[in-house]
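Novice: One structure, pasted below without further comment.
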Amino acid sequence: MGIATVAASLPLPAFAATGLRVGYIPIIPMTQLYVLTGEGWAADAGLALQTTSFQSGPAMIQALASGTLDVAYVGIGPAMIARSKGVKLKVVAANVIDQVALIGRGPLVKAMAGAASPAEGVKAFRAANGRRPKIGSLPAGSVPDTVLRYWMAEVAHIPAEDIEIVGMGEQPLQQALLTGAIDGASILEPILTLVQSRLQDAAIIAKAGSMFPKQPGAVLVVTEDAIAKNRDAVAELVKLHIRATAFAKSNPDRTAELVTDIIGKGLVERDVMRAALTSDATTFVDDPRVILDSTKQMQAFQQTLAQITEPVDVDALFDFTFHDAAKRK
Numbered sequence: 228m229g230i231a232t233v234a235a236s237l238p239l240p241a242f243a244a245t246g247l248r249v250g251y252i253p254i255i256p257m258t259q260l261y262v263l264t265g266e267g268w269a270a271d272a273g274l275a276l277q278t279t280s281f282q283s284g285p286a287m288i289q290a291l292a293s294g295t296l297d298v299a300y301v302g303i304g305p306a307m308i309a310r311s312k313g314v315k316l317k318v319v320a321a322n323v324i325d326q327v328a329l330i331g332r333g334p335l336v337k338a339m340a341g342a343a344s345p346a347e348g349v350k351a352f353r354a355a356n357g358r359r360p361k362i363g364s365l366p367a368g369s370v371p372d373t374v375l376r377y378w379m380a381e382v383a384h385i386p387a388e389d390i391e392i393v394g395m396g397e398q399p400l401q402q403a404l405l406t407g408a409i410d411g412a413s414i415l416e417p418i419l420t421l422v423q424s425r426l427q428d429a430a431i432i433a434k435a436g437s438m439f440p441k442q443p444g445a446v447l448v449v450t451e452d453a454i455a456k457n458r459d460a461v462a463e464l465v466k467l468h469i470r471a472t473a474f475a476k477s478n479p480d481r482t483a484e485l486v487t488d489i490i491g492k493g494l495v496e497r498d499v500m501r502a503a504l505t506s507d508a509t510t511f512v513d514d515p516r517v518i519l520d521s522t523k524q525m526q527a528f529q530q531t532l533a534q535i536t537e538p539v540d541v542d543a544l545f546d547f548t549f550h551d552a553a554k555r556k
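According to our numbering, the sequence shown is numbered sequentially starting from 228.
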């Protein structure tokens with residue numbers, strides 16, 4: 228539970244410490260949060276960030292809906308679903324784009340490598356193994372799950388019944404891949420790099436960016452209530468988020484240290500984390516406008532899956548004012 232809780236007694240340069248309850252998933256697309264807390268910037272700015280780790284976006288959205296979180300570092304997919312269900316929140320910054328890739332192990336990699344197309348590869352796997360391939364992802368409605376289903380339907384043209392999709396949390400998914408309980412996964416860093424470093428027969432089947440071109444990924448979401456009550460604190464957080472984005476791009480070594488301290492839990496080597504931070508599946512951004520059009524495209528697809536029953540006004544979901552103000556200064 229918690230990356231860092233900044234004590235209210237710390238010397239504050241600008242304003243009294245403001246508490247913000249922040250939820251996050253312990254994955255690389257949330258790197259900006261690890262940087263701005265790990266480098267002490269939040270404390271210096273007078274922000275008391277009380278952080279809680281979640282295993283998936285949908286679980287975090289439940290916490291937002293119940294009023295136990297003010298801020299969430301979460302996937303755009305769960306954010307849209309929450310908005311469609313009446314949770315009043317705003318996307319104030321983006322984190323990454325093209326964050327999801329499809330990794331396979333052993334038999335699935337072999338079947339795909341020898342096939343003329345992914346659809347033919349799946350057929351070859353079924354013929355050789357007598358069953359459908361099991362592909363893990365985060366739970367339904369998450370970005371990795373949505374991207375996998377989009378790739379199957381719109382890119383690879385693989386019938387839904389040809390693959391068994393298994394939804395689970397981030398840590399169970401990593402273990403399932405390593406133990407062979409699943410044949411592959413639509414997932415993010417650092418799992419992509421970590422699994423390849425530990426399994427010689429693991430490989431990327433569909434690269435990040437090819438499954439859902441310019442896919443929107445993790446975002447910084449704030450409840451409308453938190454914006455109304457603590458607008459200055461939210462503005463400061465967005466400034467730090469932008470600063471952390473630039474830092475992560477230009478300081479991969481230090482960033483790897485910070486990320487390893489938070490999500491490595493002594494299980495991920497720092498060089499593996501650095502490789503994950505600089506992989507094709509890690510493209511840090513902060514401007515929410517970068518993902519506006521692709522978010523609309525993702526929502527349209529989620530509607531075909533019946534994950535969003537009431538269409539969301541995507542333009543109203545985004546609040547560009549904080550990012551615009553931070554960039555002007």
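We put the beta carbon where it would ideally sit given N, CA and C, even for glycine.
Taking the alpha carbon of Lys-523 as the point to measure from, which residue in Met-307, Glu-391, Val-249 and Ala-502 has its own alpha carbon closest?
Specialist: Residue 523 sits at position 296 when you count from the first residue of the sequence shown. Relative to the Cα of Lys-523, the nearest Cα in the group Met-307, Glu-391, Val-249 and Ala-502 belongs to Met-307.
Novice: Can you tell me the Cα-Cα spacing of Val-382 and Met-438, whole angstroms?
Specialist: Position 155 of the sequence shown, counted from the first residue, corresponds to residue 382. Position 211 of the sequence shown, counted from the first residue, corresponds to residue 438. C-alpha separation (whole angstroms): 7 Å.
Novice: Quick check on Ile-454: does DSSP put it in helix, strand or coil?
Specialist: If you number the sequence shown from 1, residue 454 lands on position 227. Reduced to three states, the DSSP call for Ile-454 is helix.
Novice: My assumption, with CB atoms under 8 Å, is that Ala-435 sits in contact with Ala-508. Please give the rounded CB distance.
Specialist: Position 208 of the sequence shown holds residue 435. Position 281 of the sequence shown holds residue 508. Contact holds; Cβ gap of about 4 Å.
Novice: Specify the secondary structure class of Gly-229 as computed by DSSP and reduced to three states.
Specialist: For this step, residue 229 is matched to residue 2 along the sequence shown. The predicted model places Gly-229 with a pLDDT of 45, which falls under 50 and marks its position as unreliable; any figure quoted below should be read in that light. Of the three classes helix, strand and coil, the one that applies to Gly-229 here is coil, per DSSP.
Novice: Could you check where the beta strand (DSSP E) with Ser-280 kicks off and where it finishes?
Specialist: Residue 280 sits at position 53 when you count from the first residue of the sequence shown. For Ser-280, the uninterrupted beta strand (DSSP E) segment begins and ends at 274-280.
Novice: Taking all protein chains shown into account, decide if Ser-293 is buried (16 or more other Cβ within 10 angstroms of its Cβ) or exposed.
Specialist: In the sequence shown, the residue the question calls residue 293 occupies position 66. Burial call: exposed.
Novice: Mind checking whether Pro-443 and Ile-303 have CB atoms under 8 Å apart?
Specialist: Counting from one through the sequence shown, the residue named residue 443 turns up at place 216. Counting from one through the sequence shown, the residue named residue 303 turns up at place 76. Yes; because the gap between Cβ atoms is below 8 Å, this pair is in contact.
Novice: Report yes or no: do three or more beta-carbon pairs, one from the region 414-433 and one from the region 491-500, lie closer than 8 Å?
Specialist: Segments in contact, yes.
Novice: Suppose contacts are defined by Cβ-Cβ distances below 8 Å. Is Ile-324 in contact with Ile-518 by that definition?
Specialist: Position 97 of the sequence shown, counted from the first residue, corresponds to residue 324. Position 291 of the sequence shown, counted from the first residue, corresponds to residue 518. Result yes, Cβ atoms of Ile-324 and Ile-518 sit closer than 8 Å.
Novice: Taking the DSSP output, what are the residues bridged to Thr-510?
Specialist: Here the question's residue 510 lines up with position 283 in the sequence shown. DSSP, once it has assigned bridges, lists Ile-324 as partnering Thr-510.
Novice: When you compare only the Cα positions, how much space is there between Gly-229 and Ser-280?
Specialist: For the purposes of this step, residue 229 is identified with residue 2 of the sequence shown, where counting begins at 1. For the purposes of this step, residue 280 is identified with residue 53 of the sequence shown, where counting begins at 1. Note that Gly-229 has pLDDT 45, beneath the 50 cutoff, so the model's placement of it is unreliable and no number is given.
Novice: Assuming Pro-515 and Val-298 are in contact, meaning their beta carbons sit under 8 Å apart, how far apart are those beta carbons, in whole angstroms?
Specialist: The residue you call residue 515 lines up with position 288 of the sequence shown. The residue you call residue 298 lines up with position 71 of the sequence shown. Contact between Pro-515 and Val-298 does not hold, since their C-beta atoms are separated by about 15 Å, which reaches or exceeds 8 Å.
Novice: Could you give the distance in angstroms between the alpha-carbon of Thr-536 and the alpha-carbon of Leu-447?
Specialist: By 1-based counting over the sequence shown, the position of residue 536 is 309. By 1-based counting over the sequence shown, the position of residue 447 is 220. Looking at the two C-alpha atoms, the distance is approximately 23 Å.
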